[in-house]
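Novice: Structure below; questions to follow.
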Ligand SMILES: Cc1cc2nc3c(=O)[nH]c(=O)nc-3n(C[C@H](O)[C@H](O)[C@H](O)COP(=O)(O)OP(=O)(O)OC[C@H]3O[C@@H](n4cnc5c(N)ncnc54)[C@H](O)[C@@H]3O)c2cc1C
């Protein structure tokens with residue numbers, strides 16, 4: 016079932032949904048299920064699974080020279096999605112990215128997803144390769160999420176990259192995109208960023224999932240600005256509870272978001288990470304309650320491999 020149908024069926028009630036990471040290469044899928052199992056109590060109608068592109072590591076050869084090796088630490092997005100659908104009978108939303116894929120490889124991945132009965136995709140530009148700074152598309156790949164989105168929309172209309180096909184079967188993906196209440200880091204300003212977000216919606220994106228934020232006013236302002244710009248699709252807020260002291264600087268560095276003064280002060284006062292986790296849970300519960308009052312379609316939790324804080328937050332809300 017499509018994400019938008021789940022939202023419509025909820026008739027205004029806020030849903031509980033999560034984003035998970037595929038396990039590190041070599042790990043057992045059972046570890047991931049152990050992490051998802053307790054959260055099923057809150058009946059998530061869909062689960063997002065992130066995509067992690069290759070990165071480069073340097074290995075010393077016998078002759079002393081360094082060899083650059085490409086490796087993917089978290090492969091398996093498509094397999095995990097199929098496995099979750101099979102195991103829990105809930106829908107999954109694989110993230111698909113421009114980076115590292117030619118258009119033909121993207122087409123083949125979409126064909127796999129379609130055959131597996133996966134009805135949703137979140138289309139993204141994708142992160143730059145770790146340590147490479149700037150995002151660079153493949154020569155024959157998509158550069159922006161809007162181009163990737165156009166490819167999925169085309170396939171939904173039966174138009175494949177391979178133009179030799181006779182009456183190709185159209186896919187039927189529900190397409191989501193990312194939005195940034197605090198602006199995407201590469202955009203010159205929020206107005207320009209919103210222009211490109213609107214482009215994605217005009218091309219066929221059916222809902223938006225936001226980057227994590229810790230200040231609800233920023234989300235509400237973003238929603239208002241989107242509505243003024245004529246973006247009418249559901250805007251799903253992404254929530255991440257802080258769980259360690261280090262995250263107070265890691266999250267702003269990695270995701271280009273602010274930690275509000277009050278939260279930063281509370282975290283600073285904590286003597287250990289156990290105390291930080293409590294502060295993070297309390298903040299996320301308060302944030303979620305306000306967002307539910309605002310009428311958000313779903314509270315979408317970034318679990319980042321830790322289910323316990325999400326479980327405790329959800330237990331207070333659902
Ligand atoms: C909810 C969510 C989930 C994510 N999941 C993943 C994941 O699984 N894997 C992963 O690698 N990354 C993930 N990311 C990170 C994301 O890939 C990066 O933030 C990336 O830098 C931007 O992706 P985008 O889809 O928003 O890009 P785009 O929409 O392509 O925008 C990228 C930048 O280009 C600008 N822009 C857009 N279109 C144009 C245009 N036509 N001309 C000029 N400028 C333009 C935008 O304003 C923005 O600054 C996720 C982010 C979010 C918010």
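Numbering (our numbering), first residue to last: 16 to 333. For glycine and all other residues, C-beta sits at the position ideal for the given N, C-alpha and C.
Distance, Cα to Cα, residue 38 vs residue 45?
Specialist: The count along the chain shown starts at 1 and reaches residue 38 at position 23. The count along the chain shown starts at 1 and reaches residue 45 at position 30. Rounded to whole angstroms, residue 38 to residue 45 spans 10 Å at the Cα level.
Novice: For residue 333, which residues in the same chain have their Cβ closer than 6 Å to its Cβ, ignoring the five residues on either side in sequence?
Specialist: Translated into the one-based positions of the chain shown, residue 333 becomes position 318. If we look at residue 333 and ignore the five residues flanking it on each side, its Cβ neighbours are 31 and 57.
Novice: At 3 residues or longer, what runs of the beta strand (DSSP E) sit wholly inside the region 161-216?
Specialist: 189-194
Novice: If you follow the alpha helix (DSSP H) that residue 307 is in, where does it begin and where does it stop?
Specialist: Numbered from 1 along the chain shown, position 292 holds the residue referred to as residue 307. Its alpha helix (DSSP H) spans residues 288-309.
Novice: Given 7 Å as the limit, tell me if residue 68 has its C-beta closer than that to any heavy atom belonging to ligand 1.
Specialist: Against the chain shown, residue 68 aligns to sequence position 53. It does: the Cβ of residue 68 is within 7 Å (strictly closer) of some heavy atom of ligand 1.
Novice: Could you give the first and the last residue of the continuous beta strand (DSSP E) run that contains residue 77?
Specialist: Locating residue 77 in the chain shown gives position 62, counting from the first residue. No beta strand (DSSP E) contains residue 77, which DSSP labels as neither H nor E.
Novice: With DSSP run on the structure shown, which of helix, strand or coil describes residue 55?
Specialist: Taking the chain shown and counting its residues from 1, one reaches residue 55 at position 40. Three-state DSSP puts residue 55 in a helix.
Novice: Mind checking whether the beta-carbon of residue 193 lies closer than 7 Å to any heavy atom of ligand 1?
Specialist: Counting from one through the chain shown, the residue named residue 193 turns up at place 178. Yes; taking the cut-off as 7 Å, the Cβ of residue 193 has a heavy atom of ligand 1 nearer than that.
Novice: Applying the criterion that 16 or more other CB atoms from any shown protein chain within 10 Å of the CB defines a buried residue, is residue 157 buried or exposed?
Specialist: On the chain shown, position 142 is the one that residue 157 refers to. For residue 157, the number of other beta carbons within 10 angstroms of its own is at least 16, and it is reported as buried.
Novice: Along the chain, which unbroken stretches of the alpha helix (DSSP H) at least 4 residues long are found entirely within the region 100-141?
Specialist: 118-130
Novice: Which stretch, first to last residue, makes up the alpha helix (DSSP H) that contains residue 324?
Specialist: Numbered from 1 along the chain shown, position 309 holds the residue referred to as residue 324. From DSSP, the alpha helix (DSSP H) with residue 324 extends over 323-332.
Novice: Are residue 260 and residue 288 touching if we call contact CB-CB under 8 Å?
Specialist: Numbered from its first residue, the chain shown carries residue 260 at position 245. Numbered from its first residue, the chain shown carries residue 288 at position 273. Closer than 8 Å, so yes.
Novice: Which residues in the same chain as residue 279 place their Cβ atom closer than 8 Å to its Cβ, once the five residues preceding and following it in sequence are excluded?
Specialist: Your numbering for residue 279 matches position 264 in the chain shown. These residues qualify, in order along the chain: 263.
Novice: Please classify residue 226: is it buried, with 16 or more other beta-carbons within 10 angstroms of its beta-carbon, or exposed?
Specialist: Here residue 226 is taken as the residue at index 211 of the chain shown, counted from 1. Residue 226 comes out buried.
Novice: Does any heavy atom of ligand 1 sit closer than 7 Å to the C-beta of residue 253?
Specialist: The residue you call residue 253 lines up with position 238 of the chain shown. For ligand 1, a non-hydrogen atom lies closer than 7 Å to the CB of residue 253.
Novice: For the putative contact between residue 251 and residue 223, defined by C-beta atoms under 8 Å, what is the C-beta separation to the nearest angstrom?
Specialist: Here residue 251 refers to the residue found at position 236 when the chain shown is read from its first residue. Here residue 223 refers to the residue found at position 208 when the chain shown is read from its first residue. That pair is a contact at about 7 Å.
Novice: In the DSSP assignment, what are the bridge partners of residue 63?
Specialist: Position 48 of the chain shown, counting from 1, holds the residue named residue 63. According to DSSP, residue 63 bridges with 34 and 108.
Novice: Taking the straight line between their C-alpha atoms, what separation do you get for residue 216 and residue 138?
Specialist: In the chain shown, the residue the question calls residue 216 occupies position 201. In the chain shown, the residue the question calls residue 138 occupies position 123. Going from the Cα of residue 216 to the Cα of residue 138 covers about 12 Å.
Novice: Tell me, which residues are paired with residue 222 by DSSP?
Specialist: Numbered from 1 along the chain shown, position 207 holds the residue referred to as residue 222. In the DSSP output, where bridge partners are listed per residue, residue 222 has 191.
Novice: Which stretch, first to last residue, makes up the beta strand (DSSP E) that contains residue 254?
Specialist: Along the chain shown, one-based indexing puts residue 254 at 239. Note, residue 254: beta strand (DSSP E), 250-254.
Novice: If you follow the beta strand (DSSP E) that residue 5 is part of, which residue opens it and which one closes it?
Specialist: Outside the modelled stretch of the chain, which goes from 16 to 333, sits residue 5, for which no answer is possible.
Novice: If contacts are defined as beta-carbon pairs under 8 Å, then residue 160 and residue 191 qualify, I think. What distance do you get, rounded to the angstrom?
Specialist: Residue mapping note: residue 160 aligns to position 145 of the chain shown, counting from 1. Residue mapping note: residue 191 aligns to position 176 of the chain shown, counting from 1. In fact, because the Cβ distance is near 10 Å, the residues do not count as touching under 8 Å.
Novice: Using CA atoms only, rank isn't needed, just tell me which of 119, 50, 208 and 109 is closest to residue 61.
Specialist: Reading the chain shown from its first residue, position 46 is the one you call residue 61. Looking at the Cα atoms, 109 is the closest of the given residues.
Novice: Use the C-beta contact count for residue 203: other C-beta atoms within 10 angstroms, 16 or more gives buried, fewer gives exposed.
Specialist: As a working mapping, residue 203 is identified with position 188 in the chain shown. Counting Cβ neighbours within 10 Å, residue 203 comes out exposed, since fewer than 16 surround it.
Novice: So is the beta-carbon of residue 72 under 7 Å away from any non-hydrogen atom of ligand 1?
Specialist: In the chain shown, counting from the first residue as 1, residue 72 sits at position 57. No, ligand 1 has no heavy atom inside 7 Å of this Cβ.
Novice: Report all residues from its chain with a CB closer than 8 Å to the CB of residue 69; omit the five preceding and five following residues, and keep chain order.
Specialist: On the chain shown, position 54 is the one that residue 69 refers to. Result list for residue 69: 85, 86, 87, 115 and 144, in chain order.
Novice: For residue 151 and residue 331, what's the separation of their Cα atoms in angstroms?
Specialist: Here the question's residue 151 lines up with position 136 in the chain shown. Here the question's residue 331 lines up with position 316 in the chain shown. Whole-angstrom Cα-Cα distance: 43 Å.
Novice: What's the C-alpha gap between residue 51 and residue 210?
Specialist: Locating residue 51 in the chain shown gives position 36, counting from the first residue. Locating residue 210 in the chain shown gives position 195, counting from the first residue. Each residue's Cα considered, the two are about 36 Å apart.
Novice: Taking only three categories from DSSP, how would you classify residue 42?
Specialist: In the chain shown, counting from the first residue as 1, residue 42 sits at position 27. Under the three-state reduction of DSSP, residue 42 is assigned to coil, being neither helix nor strand.
Novice: Going by alpha carbons, who is nearest to residue 228 out of 107, 315 and 71?
Specialist: Position 213 of the chain shown, counting from 1, holds the residue named residue 228. Ranking 107, 315 and 71 by Cα distance to residue 228 puts 315 first.
Novice: Grab the span of the alpha helix (DSSP H) containing residue 90 for me, first residue to last.
Specialist: Here the question's residue 90 lines up with position 75 in the chain shown. That residue, residue 90, is in no alpha helix (DSSP H); it is neither H nor E in DSSP.
Novice: May I ask whether a heavy atom of ligand 1 can be found less than 7 Å away from the beta carbon of residue 140?
Specialist: Locating residue 140 in the chain shown gives position 125, where the first residue counts as 1. Yes, ligand 1 has a heavy atom inside 7 Å of this Cβ.
Novice: By alpha-carbon positions, which one of 124, 249 and 295 ends up nearest to residue 25?
Specialist: Locating residue 25 in the chain shown gives position 10, where the first residue counts as 1. Considering only alpha carbons, the answer is 249.
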